[in-house]
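Working notes, beginning with the structure itself.
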Amino acid sequence: MATVDDYEATYRALSVCVAARIPVILWGPPGQGKTSVVKAIAADQGRHLEVLLASIREPQDFAGLPSISNGTAQLVPPDWALRLSRVTNGILFTDEVNTAPPSVQAALLRVSLDKVAGDCDLGQDTSVVAAANPPEQAADGWDLAPPLANRFCHLDWELPSEIVRDGFAGQWRTYEVPSPDAPALDGVLMLERVRVAGFLSARPDLTTVLPKTSSEQGRAFPTPRSWEMAATLSGWVNATGQSEGTRRLLVRGCIGPGASAEYLTYRDNLDLPDPEAVLKDPSAFVVPGRADHIYVIGAGVMAVMRGDCTAQRWHAAGLILERIASAGHPDIAVSFARDWIKERPSGEMPKDDVLRSLIPLLKEARLI
0 MATVDDYEAT
10 YRALSVCVAA
20 RIPVILWGPP
30 GQGKTSVVKA
40 IAADQGRHLE
50 VLLASIREPQ
60 DFAGLPSISN
70 GTAQLVPPDW
80 ALRLSRVTNG
90 ILFTDEVNTA
100 PPSVQAALLR
110 VSLDKVAGDC
120 DLGQDTSVVA
130 AANPPEQAAD
140 GWDLAPPLAN
150 RFCHLDWELP
160 SEIVRDGFAG
170 QWRTYEVPSP
180 DAPALDGVLM
190 LERVRVAGFL
200 SARPDLTTVL
210 PKTSSEQGRA
220 FPTPRSWEMA
230 ATLSGWVNAT
240 GQSEGTRRLL
250 VRGCIGPGAS
260 AEYLTYRDNL
270 DLPDPEAVLK
280 DPSAFVVPGR
290 ADHIYVIGAG
300 VMAVMRGDCT
310 AQRWHAAGLI
320 LERIASAGHP
330 DIAVSFARDW
340 IKERPSGEMP
350 KDDVLRSLIP
360 LLKEARLI
């Protein structure tokens, strides 16, 4: 049985997906208020909502109707797509998505990720939400096709009895996710991507893992696309001050239980210095013993340097790369050195010791 804390964490996870414009699907038994909670979020945020029932739709209701106009073929968009394209910050909610046959699921591929229906661009500010009953509980339910499943963050939805009780008394609980500061959001998203990059450098076998059973393929599993979604949502958790429980739901909802457990354990134990602090005092930088930790620090330093590339910060980044190369990790240093050279401020040249360490490596790798 779900608890009130579970409900709050899932509600906040759903709200983060909607705010971050990451496609999200709610899984739960019939009658659990999946449609109602999406309507509540849309109403609270003052956003236009389009609700579609996938089970009664045809492929052309998402892909558009073929038409010839002035000798040119085009896909005429459905009316709901036109309405969404004319507003800002709309929400598309597709219910009973796993009762749609494979042909309709295929038509949903472009809608869910690219936010295009027919030849109509819904706008990148549109949020995409779906809902589904488990196949064994749905009317003629299907497992989601892997390409469609991998486009969504998957959240399990269940109403605790306390929430239902309070709702009948007129007090349905809702939770607000604050809007993040844009510059701060950019910074935390960058750092989260760096963490994911470091993890995948240590566990490349988890970059893409297609589950063996069709039921597992219809839920979350790791691919480069779903790792990017996980990094984005985890960054939003930081930027909006959400709980670690909400982070776990979001990361697991993107890459599945196995990969998420390993990544979150790695993330929790990743006690590394702030890239800004390293850049401020490169002479104090001590190269870690683990290659994945070195990669995370190097990527973080390069990212913050690019955000404010003064001559002093550029030279500091070069010194850090030189230390990484001299510590026996030339491959990591080279992976960042070409971009470092491209960011060179006008009139600046690398220090002699940096040149001696990096130029031979760059030439050997045929990067210069």
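In numbering that gives the first Met the number 0, the protein residues as written are 0 to 367. For every residue, glycine included, the Cβ atom is placed at its ideal position computed from N, Cα and C.
Point to revise | Segments assigned alpha helix (DSSP H), at least 4 residues, entirely inside the stretch 246–313 | key: You should have 256–267, 274–279 and 290–306.
Point to revise | Of the listed residues A298, S126 and A238, nearest to F198 (C-alpha basis) | key: Along the sequence shown, one-based indexing puts residue 198 at 199. Nearest to F198 by C-alpha distance, out of A298, S126 and A238, is A298.
Check your understanding: Applying the criterion that 16 or more other CB atoms from any shown protein chain within 10 Å of the CB defines a buried residue, is N97 buried or exposed?
Key -> For the purposes of this step, residue 97 is taken as residue 98 along the sequence shown, with counting starting at 1. N97 is buried by the Cβ-count criterion.
Review point. DSSP state of E347, grouped into three classes?
Key: By 1-based counting over the sequence shown, the position of residue 347 is 348. The DSSP-derived three-state label of E347 is coil.
Practice item. Pick out whichever of S102, T34, R150 and V163 has its Cα sitting closest to the Cα of E95. Key: Counting from 1 along the sequence shown, the entry for residue 95 is found at position 96. In this structure, T34 is the residue among S102, T34, R150 and V163 with its C-alpha nearest to the C-alpha of E95.
Point to revise | T87 in three-state terms, based on DSSP | key: For the purposes of this step, residue 87 is taken as the residue at position 88 of the sequence shown. Residue state, collapsed to three classes: coil.
Practice item. Can you tell me which of the three DSSP states T394 falls into? Key: Residue 394 is absent from the model: the chain starts at 0 and stops at 367.
**Study point:** Residue from G32, V50 and A260 with nearest C-alpha to C162
**Key:** Indexing the sequence shown from 1 puts residue 162 at position 163. Position check: residue 162 holds Ile in this sequence, whereas Cys was assumed. Closest in alpha carbon position to I162, among G32, V50 and A260, is G32.
Review point. Do T231 and I40 come within 9 Å of each other at the CB atom, strictly closer than that value?
Key: The sequence position of residue 40 within the sequence shown is 41, counting from 1. The sequence position of residue 231 within the sequence shown is 232, counting from 1. Going by C-beta atoms, I40 is not nearer than 9 Å to T231.
Exercise for review: Write down every uninterrupted run of the beta strand (DSSP E) in the stretch 0–68 whose length is 3 residues or greater and which is fully enclosed by it, in chain order.
Suggested key: Those beta strand (DSSP E) runs which fall completely within the stretch 0–68 and span 3+ residues are 23–26, 48–52 and 64–68.
**Study point:** Residue from T2, P101, A8 and V3 whose Cα sits closest to the Cα of Q241
**Key:** On the sequence shown, position 242 is the one that residue 241 refers to. It is A8 whose Cα lies nearest to the Cα of Q241.
Check your understanding: Taking C-alpha atoms, which residue in A196, L184 and N69 lies nearest to V295?
Key -> Working through the sequence shown from its first residue, we reach residue 295 at position 296. Minimum Cα distance to V295 is reached at A196.
Point to revise | Secondary structure, beta strand (DSSP E): runs of 3+ residues fully inside the stretch 138–213 | key: List check, beta strand (DSSP E) in window: 152–155.
**Study point:** Continuous alpha helix (DSSP H) stretch holding S334: start and end
**Key:** Residue numbering aside, residue 334 sits at position 335 when the sequence shown is read from its first letter. Taken as a continuous stretch (DSSP letters only), the alpha helix (DSSP H) holding S334 covers P329 to K341.
Review point. Between P272 and G317, is the Cβ-Cβ spacing less than 9 Å?
Key: Numbered from its first residue, the sequence shown carries residue 272 at position 273. Numbered from its first residue, the sequence shown carries residue 317 at position 318. Contact: no.
Check your understanding: Mind checking whether E321 and D352 have CB atoms under 9 Å apart?
Key -> Mapped onto the sequence shown, residue 321 falls at position 322. Mapped onto the sequence shown, residue 352 falls at position 353. E321 is a Cβ neighbour of D352, given a cutoff of 9 Å.
Point to revise | Rounded straight-line distance, which links the Cα of A129 to that of R11 | key: To locate residue 11, count along the sequence shown from 1; it is residue 12. To locate residue 129, count along the sequence shown from 1; it is residue 130. Using only the alpha carbons, I get a separation of about 16 Å.
Check your understanding: Which partner residues does Q73 have in the DSSP bridge list?
Key -> The count along the sequence shown starts at 1 and reaches residue 73 at position 74. According to DSSP, Q73 shares a beta bridge with S66.
Practice item. Classify D124 as helix, strand or coil using the three-state DSSP reduction. Key: What you label residue 124 is simply residue 125 of the sequence shown in a count that begins at 1. D124: coil per DSSP, three-state reduction.
Exercise for review: Quick one: using the 10 Å Cβ neighbour count with 16 as the cut-off for buried, is P77 buried or exposed?
Suggested key: What you label residue 77 is simply residue 78 of the sequence shown in a count that begins at 1. Buried.
Exercise for review: Taking V371 as part of the alpha helix (DSSP H), name the residues at either end of that continuous run.
Suggested key: No answer is possible for residue 371: it lies beyond the span of the chain, which begins at 0 and ends at 367.
**Study point:** Best match in R150, G117 and S214 for proximity to P391 [C-alpha to C-alpha]
**Key:** No information on residue 391 is available, as it lies outside the stretch 0 to 367 that the chain covers here.
Review point. Who are D94's beta bridge partners in DSSP?
Key: The residue labelled residue 94 in the question sits at position 95 within the sequence shown. L52.
Check your understanding: Looking only at DSSP bridge pairs, what is T131 linked to?
Key -> By 1-based counting over the sequence shown, the position of residue 131 is 132. Here the sequence assigns Ala to residue 131, which means Thr is not the residue at that position. BP columns for A131 point to W26.
Exercise for review: Return the chain-ordered list of same chain residues with a C-beta closer than 6 Å to the C-beta of A106, the five sequence neighbours on each side being excluded.
Suggested key: Residue mapping note: residue 106 aligns to position 107 of the sequence shown, counting from 1. Excluding sequence neighbours, A106 sits near P58, F61 and A62.
**Study point:** Closer than 9 Å to chain C by CB, P221
**Key:** The structure shown contains no chain C; it is built from a single protein chain.
Review point. When DSSP labels each residue in this structure, what does A377 get in the three-state scheme?
Key: Examination of residue 377 is not possible in this model, given that the chain is present from 0 through 367 alone.
Review point. DSSP on P221, reduced to helix/strand/coil?
Key: Taking the first residue of the sequence shown as 1, we reach residue 221 at position 222. Here DSSP, grouped into helix, strand and coil, assigns P221 to coil.
Review point. Under 9 Å between the Cβ atoms of I293 and I323?
Key: Start at 1 with the first residue of the sequence shown, and residue 293 comes out as number 294. Start at 1 with the first residue of the sequence shown, and residue 323 comes out as number 324. Yes, the Cβ-Cβ distance between I293 and I323 is below 9 Å.
Exercise for review: Counting only the same chain and skipping the five closest in sequence on each side, list residues whose C-beta sits under 6 Å from that of P145.
Suggested key: The count along the sequence shown starts at 1 and reaches residue 145 at position 146. Apart from the 5 residues on each side of it in sequence, P145 sits with its Cβ closer than 6 Å to the Cβ of Q216 in its chain, given in chain order.
Practice item. Below 8 Å on the Cβ atoms is my guess for V236 versus P274; work out the distance and round it to an integer in Å. Key: In the sequence shown, residue 236 corresponds to position 237, counting from 1. In the sequence shown, residue 274 corresponds to position 275, counting from 1. With 8 Å as the limit, V236 and P274 do not qualify as a contact, their Cβ atoms being about 20 Å apart.
Check your understanding: With contact counted as at least three CB pairs below 8 Å, one residue from each stretch, are the stretch 301–317 and the stretch 334–343 in contact?
Key -> Cβ pair count under 8 Å is three or more, so yes.
**Study point:** Proximity below 9 Å, CB of V127 to CB of V23
**Key:** On the sequence shown, residue 127 is found 128 positions in, with the first residue counted as 1. On the sequence shown, residue 23 is found 24 positions in, with the first residue counted as 1. Taking 9 Å as the Cβ cut-off, V127 and V23 qualify as a contacting pair.
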